[in-house]
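Visitor: Could you have a look at this structure, given as structure tokens, before my questions?
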Amino acid sequence: MMKHFTITKRQEEHIAILEINGELDAHTAFQLEQQFKTLIETEAYHIIVNCSNLEYIASAGLGVFMAYIEDIRNLGGDIKLSNMTDGVYHVFDLLGFPSLYDIHRDESEALSSFKNQK
Amino acid sequence: MKASTSHSINVSSSTENLREVRNFVQKFVQQIDLNNNDLDEIILAVDEAYTNIIKHAYNNDPNHNVKIELGISTDTLWVRLSDTGSHFNADEYQPPDLLKRIKNKQRGGMGVYLINKLMDSVEYSSAGKTNTILMRKRV
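Heads up: the sequence lines are chains A and B, in that order.
My numbering applies: residue 1 is where the first sequence begins, and numbers increase by one.
My numbering applies: residue 1001 is where the second sequence begins, and numbers increase by one.
Right, here's the structure in full:
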């Protein structure tokens, strides 16, 4: 069951990049949640979530972003999202995320936006 | 488009079955000449409704049953999900304020809102021990 959603983690300077792959729903959302918890524990507050291989997202997946963004911003960081397919962006858009989250066309744009904030 | 066909599936109330449920919807809807956007929206609406039943009607207990029926009549696709758990009171439902929820670190409550956005009509009803959500989308 787990194979339907995987996360690959990379590091670029002080920025943690999570590539999320597959289907993020109420069954797989805890995996992303675990990842955010680990990042906070290791004081990695600058996070990019690259969604290029995210095939599907349900509101349980969006709920994970909702639960952690405030803590991470209060700690001086951010969760930036990038590389969404049109279908995935549509779901974020329906729930009003684009006005509250920093969503970028691609990862390099998200990286620049972090680096410009320093 | 076929005048009137329907399909149904019985699944236990576990998020483990979400993928199977989505595949069931996809298989049925693909028989109809639908654009991909409508297909994706119907799949997501059923996912959200099924997830809400697991979480709220059955309180995450996987030992219950959910019946999902899908059908098409003329230009409308309908989906009905039935459970025998706690009843959802749609009259008390308040649309979520995303900013407020983020500030309060709340999650959830977005499923019903999404379903309302994705489908053209949504009705909740209860008869005896059975609760039903009936969603329709013009296609």
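From the three backbone atoms N, C-alpha and C, an ideal C-beta is built for every residue, glycine too.
1. Interface residues of chain C around Gly63/A at Cβ under 7 Å?
2. Expressed to the nearest angstrom, what Euclidean distance is found between the alpha-carbon atoms of Leu81/A and Val88/A?
3. Mind checking which residues open and close the alpha helix (DSSP H) that includes Ser108/A?
4. Here's the rule I'm using: 16 or more other beta-carbon atoms within 10 Å means buried, otherwise exposed. How should Asp1047/B be labelled?
5. If I measure Cβ to Cβ from Leu62/A and keep anything under 8 Å in the same chain, skipping five residues before and after, which residues do I get?
6. Around the Cβ of Ser59/A, are there at least 16 other Cβ atoms within 10 angstroms (buried) or fewer (exposed)?
7. According to the Cβ coordinates, are Leu1018/B and Thr1051/B closer than 8 Å?
8. I'd like the ranges of any alpha helix (DSSP H) spanning at least 4 consecutive residues and lying wholly in the region 1062-1130 of chain B.
9. With hydrogens ignored, establish whether the beta-carbon of Ile7/A is closer than 7 Å to any heavy atom of the ligand GTP.
10. Let's test the definition: count the other Cβ atoms within 10 Å of the Cβ of Asp86/A and tell me whether it reaches 16, buried, or not, exposed.
11. Who are the Cβ neighbours of Leu1039/B in its own chain at under 8 Å, not counting the five residues just before and after it?
12. Give every residue of the same chain whose Cβ lies closer than 6 Å to the Cβ of Tyr68/A, excluding the five residues on either side of it in the sequence, and list them in chain order.
13. Output the residue ranges of the alpha helix (DSSP H) runs that lie fully inside the region 35-78 of chain A and measure 4 residues or longer, sorted by chain position.
14. What residue range does the alpha helix (DSSP H) around His90/A cover?
15. Give me the Cα-Cα distance between Gly107/A and Gly1085/B, rounded to the nearest whole angstrom.
16. By the criterion of Cβ-Cβ separation under 7 Å, what are the contact partners of Glu55/A in chain B?
17. In the DSSP assignment, find the unbroken alpha helix (DSSP H) run with Lys1027/B in it and report its ends.
18. Under three-state DSSP, which class holds Thr28/A?
Guide: According to the data block:
1. Structure shown: chain C not included; protein chains present are A and B.
2. 11 Å
3. Glu107 to Gln117
4. buried
5. Val91, Phe92, Leu95 and Phe97
6. buried
7. yes
8. 1098-1103 and 1110-1118
9. Because no ligand of any kind appears in the structure shown, any question about the ligand GTP cannot be addressed here.
10. exposed
11. Gln1026, Val1029 and Gln1030
12. Phe36
13. 59-74
14. Asp86 to Leu94
15. Checking the sequence, you will find Glu at residue 107/A rather than Gly. If I take the Cα positions, the gap works out to 44 Å.
16. What Glu55/A touches in chain B: nothing, since even the nearest Cβ is about 10 Å away.
17. Leu1018 to Gln1030
18. coil
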